Amino acid sequence: MPLDNIVFWVFAPISIASAIGMLLVRNAVHAALFLIVNFFCLAVFYLLLDAPFLFAVQIVVYAGAIMVLFLFVIMLLGVDSGVPIHERLLVQRPLAFLLGAAFVVEMFLAIRAGVGFATKAPAVFTANEGGNTQAVAKILFTQYFFPFEVTSVLLLVAAIAAMVLAHRKARTVTQAEIDAAAGEPDTEEMPVYGAEAAP
Amino acid sequence: MTGIDWVLLVGRVILVFVALLISVLLYIWMERKVIADFQTRTGPMRAGPRGVLVTFADGLKLFFKESISPTNADRPVYLLAPIIATIPAFLAFSVIPFGAPVVIFGRTVPLQLADLNIGVLWVLAMTSIGVYAVVLAGWSSGSNYPLLGAVRSTAQMVSYEVAMSLALVAVIMFSGHLKMSEIVAQQDKVWNVIPQFPAFVVYLICALAEVNRPPFDLAEAESELVAGFHTEYSGIRFALFYLGEYVNTVTVSAIAVTLFLGGWRGWWPFHGAAAWLGPVLWFVLKVTAVIYVYILVRGTLPRMRYDRLMNFGWKYLIPFGLFWVLATGAIVVLPDRYGHRRGAFMAVGIIVAVWLVMSLVKQLLESPRPAPASREGLAT
Chain A
0 MPLDNIVFWV FAPISIASAI GMLLVRNAVH AALFLIVNFF CLAVFYLLLD
50 APFLFAVQIV VYAGAIMVLF LFVIMLLGVD SGVPIHERLL VQRPLAFLLG
100 AAFVVEMFLA IRAGVGFATK APAVFTANEG GNTQAVAKIL FTQYFFPFEV
150 TSVLLLVAAI AAMVLAHRKA RTVTQAEIDA AAGEPDTEEM PVYGAEAAP
Chain B
0 MTGIDWVLLV GRVILVFVAL LISVLLYIWM ERKVIADFQT RTGPMRAGPR
50 GVLVTFADGL KLFFKESISP TNADRPVYLL APIIATIPAF LAFSVIPFGA
100 PVVIFGRTVP LQLADLNIGV LWVLAMTSIG VYAVVLAGWS SGSNYPLLGA
150 VRSTAQMVSY EVAMSLALVA VIMFSGHLKM SEIVAQQDKV WNVIPQFPAF
200 VVYLICALAE VNRPPFDLAE AESELVAGFH TEYSGIRFAL FYLGEYVNTV
250 TVSAIAVTLF LGGWRGWWPF HGAAAWLGPV LWFVLKVTAV IYVYILVRGT
300 LPRMRYDRLM NFGWKYLIPF GLFWVLATGA IVVLPDRYGH RRGAFMAVGI
350 IVAVWLVMSL VKQLLESPRP APASREGLAT
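Those sequence lines, one after another, are chains A and B.
Per numbering that gives the first Met the number 0, residue 0 is the first one in the first sequence, and the count goes up by one each step.
Per numbering that gives the first Met the number 0, residue 0 is the first one in the second sequence, and the count goes up by one each step.
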C-alpha cells in the first residue's frame, strides 16, 4: 500500500471519531478540543492531496488562531447562560434536521457522480507546477483578485464593527482622584474571571 | 525508499531529539551561570565540574517527585497540556538545517529532518499550536492563578505572533523562498541580518514574547500569579513544561540564525574528512550567541507591565512590521539600476528599527505614572 493510503486510513477514522465526539461531549472546552483534532485531520488530508500550503494555513489560521479565540471566549465567559439548552434552540432544531438531511443527500449525489474519487487528477499536478504556494499565489492575485480583495474588506469591516461595539472610552485619572482613592480603602471588588468556567 | 534511507531518516530523528535534549541541559546550566555571574554569585557548583550536571540532577529529582493533580482539575485536559507544550517545540525544530549536506553511503543527506516546501509556515504552525498548552493548562487546573496567567499569556502570544509573522513575511519576500535550505543558500554572500535588520529586531523581540521569556514573562509573574499557568503542576509534568519552554527558546534562536544569520555558513570552512564539522560548529556557535543575548536581556531588563506590553505589541511592533513588509516589497520590486534607492530604503528601515528599540527602552525606564483607570484594561 502506498504511504499516502496508510496515512489516509490512519487519519480518516480519527477525523470521524473526533467529529462525533465533538457532538456528543457535554463540556464546551472538550467539544472545542475535539474540533481542533478534526481540523488537524483536515490539514493532513490537504497534505495528502498535494496542497502543503493549505495544510499550513489550515493549522495556522483555524487550529492556531480561530480555535484559540474560541477557547478564550469559553474560558472567560463560561457557557452557562441560565436558559436550558432545549428552550434556546427551538427554531434551530427542525432547521438543523432539514439542513443535515440536505447535506447527506448532497454528499450521496456527489459520491454517485464520482466527484470525490478522482484522487490526484493530472490537472492538480499541472496546476501545482512550480510549487503549491506559488500556484495558490498566482491564482489568488490574478484570476480571483477581486473576490480576494472584497473578502479582506469584509473582514476589515467586521473587525472595525466589533471594535466600535466593544470600545469604551478610557477615563483619564487626575492626581486628585488618586490621592482621594489612596485615602480610603478600596471597596471595588476585583472581578474573578473564569471562576464559573472552571469545572 | 530503501532500507538505508529509512535508517538514515530514523538516525536523524534520534540525533535531533537527543541533541535538543542535551542542548537544553547545557543551556539551562549556562543561563544559571551567566545570570549568577551578572549578580556576582557563583551559581550551581556541586553536580559535576562547575555544576554542569545541575539540570540533569534537577530533572532526575522532578522525575521521581509525586505528580499531584488538583481535585478541581479537569483530568484529561490537565494531563494533555504538558504533552502539547513539549511536542510542537520539538517538531518546530525539524525543518531547521543545522549543517551542510553530507555524503553517507553514497547518498547526499541534508543535515535537517525535513526540508519542507513550506518550511517557514511549518514553524509558524507549530508556534501557534504551542499556545494551546498554556490555555489548556490554565483552564484545566481549576484554580484562579493559573487561569489568570493563561489568559494573560495567551493574549500576549497571540498578539506577538502577528508581529512575528510580519517579520518572517518580510524575510520570505526578500529571499523569495519558503524552504529553509533555500533561504540559507540565498545568504551565501550577505546574511539577511544586514538588508533585513528591522525584521531581525522585530523577530528577536517577538520571539522573546512567544516563548514567555523575561522581560515578557508575565505569564509567570511570581509576585502576582505564583507561577502562572503551571502553578498546579508538579513532578514530571512540570518538567515537561520547563523542557518545552527551553526547547522553544533553542528553536526560536535556531530560526533566527537560519533566517537572518546565514544558518550554518561560516568564514573558515573545514576541509577534507571534517568538512561536515565546520558548518555544524558554526551553527551551534551562532545559536549559542543568540541565546546569550536572550540571557543578557533577562539579566538586564525588568518585567514589563501588562498594558505596556500590549501597547508595544499592537501600537509599535505590528504597524512597524506592516511598514517594513511594504518597504521590502519596494526593495524587491525596484529595478537594480536604482541601486541607491535600495540603500535609502535600508537606511530608513534601520532608523525606524533604532526608534523601535528606543521606544521599548523608554517604556521600561519611564517614571511610574498612574495606571489607566479601567481595571478591565489591566485584567483582560
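Ideal Cβ placement from N, Cα and C applies to all residues, glycine included.
It should be emphasised that the depicted structure is a prediction, and the values quoted were computed from it without experimental measurement.
Going by the beta-carbon positions, is the gap between TRP381(B) and ALA198(B) smaller than 8 angstroms? In the structure as shown, chain B starts at 0 and stops at 379, and residue 381(B) therefore has no counterpart that could be examined.
Check the C-beta distance from VAL292(B) over to LEU19(B) and give it rounded, since I have them as a contact under 8 angstroms. With a Cβ gap of about 20 angstroms, VAL292(B) and LEU19(B) do not count as contacting.
Quick one: measure Cβ to Cβ for LEU177(B) and VAL119(B), integer angstroms, because I've assumed they're closer than 8 angstroms. 5 angstroms
Does THR132(A) come within less than 8 angstroms of chain B when only Cβ atoms are used? yes
Between the CA atoms of VAL192(B) and LEU359(B) - distance to the nearest angstrom: 20 angstroms
Going along chain E in order, which residues have a C-beta closer than 7 angstroms to the C-beta of ALA124(B)? Here chain E cannot be found, since the structure's protein chains are A and B.
Assess contact between the stretch 54-68 of chain B and the stretch 19-33 of chain B, defined as three or more Cβ pairs (one per stretch) separated by less than 8 angstroms. Is contact present? yes
Assign GLU105(A) to one of two classes, buried (16 or more other C-beta atoms within 10 Å of its C-beta) or exposed (fewer than that). exposed
The stretch 200-215 of chain B in contact with the stretch 157-173 of chain B per 3-pair CB rule at 8 angstroms: yes
Just to confirm before moving on: does the CB-CB distance between ILE182(B) and THR107(B) stay below 8 angstroms? no
Listed from N- to C-terminal order along the chain, which residues in the stretch 76-87 of chain B have their beta-carbon within a distance smaller than 9 angstroms of any beta-carbon of chain A? VAL76, LEU79
When you compare the CB of VAL28(A) with every CB in chain B, is at least one pair closer than 8 angstroms? yes
Leaving aside the five residues before and after GLY98(B) along the sequence, list all residues of the same chain whose C-beta is less than 7 angstroms from its C-beta, in chain order. LEU110, TRP263, TRP275, PRO278, VAL279, PHE282
List, in order along the chain, the chain A residues whose C-beta lies closer than 8 angstroms to that of LEU115(B)? PRO51
Any beta carbon from chain B within less than 8 angstroms of SER14(A)'s own beta carbon? no
Cα separation between VAL9(A) and CYS40(A)? 10 angstroms
From MET44(B), TRP138(B), VAL94(B), pick the residue whose C-alpha is nearest to that of VAL67(A); which is it? TRP138(B)
Mind checking GLU209(B): buried by the 16 CB within 10 Å criterion, or exposed? buried
Of all Cβ atoms in chain B, is any one closer than 8 angstroms to the Cβ of ALA197(A)? With a pLDDT of 45 at ALA197(A), under the threshold of 50, the modelled position of that residue is not reliable, and the figure given next carries that caveat. It does: the Cβ of ALA197(A) has a partner Cβ on chain B nearer than 8 angstroms.
How many whole angstroms separate the CB atoms of LEU316(B) and VAL201(B), which I take to be in contact at a CB cut-off of 8 angstroms? 6 angstroms
Using only CA atoms, which one of PRO100(B), ARG74(B), ASP36(B), LEU112(B) lies nearest to LEU90(B)? LEU112(B)
State the beta-bridge partners of VAL101(B) as determined by DSSP. VAL108(B)
Inter-residue CB distance, ASN211(B) and GLY130(A) (contact presumed, cutoff 8 angstroms): Actually they are not in contact, since the Cβ atoms of ASN211(B) and GLY130(A) sit about 35 angstroms apart, beyond 8 angstroms.
So PHE228(B) packs on GLY148(B), CB below 8 angstroms; how close in whole Å? 4 angstroms
For ARG45(B) and ILE5(A), the rounded distance between their alpha carbons: 51 angstroms
According to the neighbour-count rule (16 or more other Cβ atoms, all chains shown, within 10 Å of its Cβ), is VAL17(B) buried or exposed? exposed
Specify, as a first and last residue, the run of the alpha helix (DSSP H) that SER22(B) falls within. 2-37
What three-state label does DSSP hand MET163(B) in the structure shown? helix
Following the continuous alpha helix (DSSP H) through HIS229(B), name the residue where it begins and the one where it ends. Here HIS229(B) belongs to no alpha helix (DSSP H), and DSSP marks it neither H nor E.
Please go through the same chain and pick out, in chain order, the residues whose beta-carbon is closer than 6 angstroms to the beta-carbon of ASP3(A), but skip the five residues on each side of it. LEU47
At a threshold of 7 angstroms, does TYR293(B) count as lining the ligand MN (C-beta to nearest heavy atom)? Although the ligand MN was asked about, the structure shown includes no ligands whatsoever.
Whose Cβ in chain A lies nearer than 8 angstroms to the Cβ of ILE128(B)? ILE58, ALA62, GLY63
DSSP three-state label for GLY99(A), please. helix
Exposed or buried, which one is MET309(B) when buried takes at least 16 other CB atoms within 10 Å? buried
Within 10 angstroms of the Cβ of GLN174(A), are there 16 or more other Cβ atoms? Answer buried if so, exposed if not. exposed
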